[in-house]
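Just so you know, we're using our numbering here: the sequence shown kicks off at 9 and counts up by one.
Taking it in order: structure first as structure tokens, then the write-up.
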Amino acid sequence: MSIIIKPIITEKVTKEGELSNRFGFVVNKKANKIQIKNAVEAAYGVSVVGVNTMNVRPDRSTKYTKSGLIHGKTNAIKKAIVQVKEGETIDFYNNVQ
């Protein structure tokens, strides 16, 4: 089971990373905080202090078109906000791993 799916790179999360060493990830829905902590430490070589998780519900939408109503929804995801030890950082833009 792959724990970390992808990092979250938005203005809000990037600012949190610069100010308070907190980074966001989209993670597997069945992963718990301990598994997320171990996966981030193994993948990025940092010490994780804390992990906060949240389940994001799917957004539903309705579009009115020529052919009638079209209903759709996005996928539900699980986000993890990981706090890294002071002085350490995660660089998402560097290709070297």
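All residues carry an ideal CB built from backbone N, CA and C; glycine is no exception.
DSSP three-state assignment for residue i, whether helix, strand or coil
i      : result
Gly25  : helix
Tyr101 : coil
Ile13  : strand
Lys38  : coil
Lys74  : coil
Glu96  : coil
Residue i at chain C interface by Cβ criterion, 9 Å
i     : result
Ile78 : No chain C appears in this structure, which consists of one protein chain only.
Beta-bridge partners of residue i, as assigned by DSSP
i      : result
Gln112 : What is shown of the chain runs 9 to 105, which leaves residue 112 out entirely.
Arg68  : Lys81
Asn114 : Lying before the first or after the last residue shown, residue 114 is absent from the chain, which here runs from 9 to 105.
Lys86  : Val35 and Asn63
Cβ-based burial, residue i [other Cβ within 10 Å; buried from 16]
i     : result
Val64 : exposed
Ala84 : exposed
Ile42 : exposed
Tyr52 : buried
Own chain residues within Cβ distance below 6 Å of residue i, not counting five before or after
i     : result
Phe31 : Gly25, Val90 and Ile98
Glu49 : Val56
Ala39 : Ile11
Contacts around residue i, its chain only, beta-carbon distance under 7 Å, and the 5 residues preceding and following it disregarded
i      : result
Phe100 : Pro15 and Ile17
8 Å Cβ shell around residue i - same chain, five flanking residues per side excluded
i     : result
Glu96 : Asn29, Val54 and Ser55
Lys45 : Val56, Val59 and Val90
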